[in-house]
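Q: Counting from 19, one number per residue, gives the positions in the sequence shown under our numbering. From the three backbone atoms N, C-alpha and C, an ideal C-beta is built for every residue, glycine too. I have a structure I would like to understand better, so I am pasting it below and will then ask my questions one at a time.
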Amino acid sequence: MAREQWSSGPGFVLASIGSAVGIGNIWRFPYMVGVNGGGAFLIPYLIALFLFGLPLLILELALGRHFRTSVVPAFGTRGRPFRLAGFVLVFILTMILSYYLVVTGWTLAYFAAFARGEPLSFTEFTGSYSPLLFFALSAGIAYGVVRSGVSRGIERLSWWLMPLLFALLALLVASALALPGAARGLAFYLTPDFSRLSDPLVWLAAFGQAFFSLGVGTGIMLTYGSYLGGGRLVRNALVIAAADLLVALLAGFMVFPIVFSFGLDPAAGVQLAFVTLPAVFAEMRFGGVLGAAFFLLLFAAALTSAVSMLEVPVATLIDAWGMARGRAAGVAGGAVVLLGLPSALSYTALRVELFGARLLDLKDFAFGTVGMVVAGVILSVSAGWFFDTRAVLEHLRLGPAWRRAFLALVRYFIPLALSANLVARLAGRG
Numbered sequence: 019m020a021r022e023q024w025s026s027g028p029g030f031v032l033a034s035i036g037s038a039v040g041i042g043n044i045w046r047f048p049y050m051v052g053v054n055g056g057g058a059f060l061i062p063y064l065i066a067l068f069l070f071g072l073p074l075l076i077l078e079l080a081l082g083r084h085f086r087t088s089v090v091p092a093f094g095t096r097g098r099p100f101r102l103a104g105f106v107l108v109f110i111l112t113m114i115l116s117y118y119l120v121v122t123g124w125t126l127a128y129f130a131a132f133a134r135g136e137p138l139s140f141t142e143f144t145g146s147y148s149p150l151l152f153f154a155l156s157a158g159i160a161y162g163v164v165r166s167g168v169s170r171g172i173e174r175l176s177w178w179l180m181p182l183l184f185a186l187l188a189l190l191v192a193s194a195l196a197l198p199g200a201a202r203g204l205a206f207y208l209t210p211d212f213s214r215l216s217d218p219l220v221w222l223a224a225f226g227q228a229f230f231s232l233g234v235g236t237g238i239m240l241t242y243g244s245y246l247g248g249g250r251l252v253r254n255a256l257v258i259a260a261a262d263l264l265v266a267l268l269a270g271f272m273v274f275p276i277v278f279s280f281g282l283d284p285a286a287g288v289q290l291a292f293v294t295l296p297a298v299f300a301e302m303r304f305g306g307v308l309g310a311a312f313f314l315l316l317f318a319a320a321l322t323s324a325v326s327m328l329e330v331p332v333a334t335l336i337d338a339w340g341m342a343r344g345r346a347a348g349v350a351g352g353a354v355v356l357l358g359l360p361s362a363l364s365y366t367a368l369r370v371e372l373f374g375a376r377l378l379d380l381k382d383f384a385f386g387t388v389g390m391v392v393a394g395v396i397l398s399v400s401a402g403w404f405f406d407t408r409a410v411l412e413h414l415r416l417g418p419a420w421r422r423a424f425l426a427l428v429r430y431f432i433p434l435a436l437s438a439n440l441v442a443r444l445a446g447r448g
């Protein structure tokens, strides 16, 4: 059976932007700016994004186009140990998706509440069993999209949701900039404290955010790249990285004016999205509309990322076991729901915990923090040292000097930067 392909280059780019742009761009990036000295963080972040994140993105796309298959079969071309490494990447991503869909459900529930004019209390909502319903709804939507295929499902969804995402973000930024404290928020956001640049932890945080923001190293972009026909990989990767950066920067223009107008903590983190901002929207003029727009924005970002994550195990079942797409989507989707149910119950009255921590938070640390970095090291080391790198780099159309520089980044710089970031995170300082 012929391999599915994207129906157009722009469709592929939009789908890849949808994969890269997730909840983290909208709430985690402003949080990282807040805890790392405001505008000072933007300098190392820009360096990290284009010196570290972009090469990994290009590498994954090139691997996908070269092998024309998904993660496990691609890694399996180098033997059984590498095939096992491919399974590790798929397992890590599946575990991330199992709780990511829970948070996706939260955004859908908050959007529905604001649309009804009945804002939610986070404690009351998560203390009920409603999160189970919205988790199931989010999983069902992701399943339906992936089951429909690459061009008729994933690509079509991206054509609808990506323009909507940027339109909603523009509306929210314009509303935030009209607030009385906007100038103070922008000053904090855009004025760098250059003394912070001497702190290595700020640089480590920037490299970590660049890695997590693009969602590279887990096999998503390898899988998406395997559906590519023609087109320039480097140019497409630049567009994807630039769009991801644009969303993160615009999120800062939205969040910091609100934070400083209402006297909030700029380093509030996830609490900002689900606890603080809903209360702020309730006090703002047209707050109901803005609240609905904000959570629809979060849901659009979360759903397109969730769809890309689900496509990886589905593609693995299709390519490695010869399953039909419908059956593969059902098997992978069912497994994700079963794995995610304990996470969906973590904040309910049942309080599903392990080692004294809510299971959702524990999985986020184990797989979303540690596991993603491990996956990135596996992919970069495998590709840089054990794959036929020269053949892979043929897809990039780079000159000899650029090839040598790219290979040095993949073989040495990226694994070392990821390893340093992992050590910092395990030490509680990244």
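Looking at C-beta atoms only, is the number of pairs between the segment 417 to 431 and the segment 388 to 408 that lie closer than 8 Å three or more?
A: With a cut-off of 8 Å on Cβ pairs, the segment 417 to 431 is in contact with the segment 388 to 408, counting three or more such pairs.
Q: Which ranges does the alpha helix (DSSP H) cover as unbroken runs of at least 4 residues, wholly within the segment 137 to 218, from first to last along the chain?
A: 140 to 145, 148 to 165, 174 to 195 and 200 to 208
Q: Counting beta carbon pairs with one atom in the segment 375 to 395 and one in the segment 225 to 242, are three or more of them shorter than 8 Å?
A: yes
Q: Straight-line CA distance for residue 49 to residue 274?
A: 10 Å
Q: In its own chain, which residues sit with a C-beta less than 7 Å from the C-beta of residue 117, not counting the 5 before and 5 after it?
A: 358, 361, 378, 381 and 382
Q: Going by other Cβ atoms of all chains shown within 10 Å of its Cβ, with 16 needed for buried, is residue 301 buried or exposed?
A: exposed
Q: If you follow the alpha helix (DSSP H) that residue 339 is in, where does it begin and where does it stop?
A: 305 to 339
Q: How big is the Cα-Cα spacing for residue 192 and residue 272?
A: 8 Å
Q: Rounded to whole angstroms, what is the Cα-Cα separation between residue 34 and residue 303?
A: 35 Å
Q: Can you tell me whether residue 78 is buried or exposed, with buried defined as 16 or more other CB within 10 angstroms of its CB?
A: Classification for residue 78: buried.
Q: With a cut-off of 8 Å, do at least 3 Cβ pairs link the segment 158 to 169 to the segment 328 to 348?
A: yes
Q: Can you tell me whether residue 20 is helix, strand or coil according to DSSP?
A: coil
Q: To the nearest whole angstrom, what separates the beta carbons of residue 297 and residue 41, a pair I think is in contact under 8 Å?
A: Not confirmed; about 19 Å, so no contact.
Q: Restricting to Cα atoms, I'd like to know which of 411, 331 and 269 is closest to residue 46.
A: If we check each option's Cα against that of residue 46, 269 comes out closest.
Q: Kindly indicate which three-state DSSP category residue 416 falls into: helix, strand or coil?
A: For residue 416, the secondary structure class from DSSP, reduced to helix, strand or coil, is coil.
Q: Of the choices 82, 338 and 442, whose alpha-carbon is the least far from that of residue 5?
A: The first residue shown for the chain is 19 and the last is 448, placing residue 5 beyond what the model contains.
Q: So, under 8 Å CB-CB, residue 108 and residue 120 are touching, yes? Tell me the CB distance rounded to an integer number of Å.
A: That belief does not hold up - the Cβ atoms of residue 108 and residue 120 are roughly 20 Å apart, past 8 Å.
Q: So does the segment 321 to 340 actually touch the segment 144 to 151, counting three or more Cβ pairs closer than 8 Å?
A: no
Q: If you run the structure through DSSP and keep just helix, strand and coil, what is residue 369?
A: Of the three classes helix, strand and coil, the one that applies to residue 369 here is coil, per DSSP.
Q: As a quick exercise: from 222, 356 and 24, pick the residue whose alpha carbon is nearest that of residue 113.
A: 356
Q: I want to know whether the segment 58 to 75 touches the segment 205 to 214 - three or more CB-CB distances under 8 Å.
A: yes
Q: Residue 86 by DSSP, collapsed to three states: which one?
A: coil
Q: Go ahead and pull the three-state DSSP assignment for residue 127.
A: helix
Q: Do you know offhand how far residue 27's Cα is from residue 435's?
A: 32 Å
Q: Does the distance from the C-beta atom of residue 262 to that of residue 439 stay below 8 Å?
A: no
Q: Could you please give the first and the last residue of the uninterrupted alpha helix (DSSP H) stretch that includes residue 455?
A: The shown model of the chain, from 19 to 448, leaves out residue 455, and the question about it has no answer.
Q: Among the candidates 180, 218 and 299, whose CA atom is the shortest distance from the CA of residue 197?
A: 299
Q: Can you tell me which of the three DSSP states residue 94 falls into?
A: helix
Q: Nearest-angstrom Cα distance between residue 214 and residue 53?
A: 11 Å
Q: Under the three-state reduction of DSSP, which class applies to residue 248: helix, strand or coil?
A: coil
Q: Could you name the residues of the same chain whose beta carbon sits closer than 8 Å to that of residue 511, not counting the 5 residues immediately before and after it, in chain order?
A: The chain is shown only over 19 to 448; residue 511 falls outside these bounds and no answer can be derived.
Q: With a CB to CB cut of under 8 Å and the five nearest residues on each side skipped, what residues in its chain are close to residue 366?
A: Setting aside the 5 residues that flank it on each side, residue 366 is surrounded in the same chain by 144, 145, 146, 147, 149 and 150, each with a C-beta closer than 8 Å to its C-beta; the list follows chain order.
Q: Starting from the C-beta of residue 306, find all residues in its chain whose C-beta is less than 7 Å away, skip the five residues before and the five after it, and write them out in chain order.
A: 132 and 135
Q: Per DSSP, residue 56 is paired with what?
A: 210
Q: Who are the Cβ neighbours of residue 265 in its own chain at under 6 Å, not counting the five residues just before and after it?
A: 39 and 43
Q: Might you give, ordered along the chain, the residues of its own chain that have their beta carbon closer than 6 Å to the beta carbon of residue 36, omitting 5 neighbours on each side?
A: 176, 180 and 322
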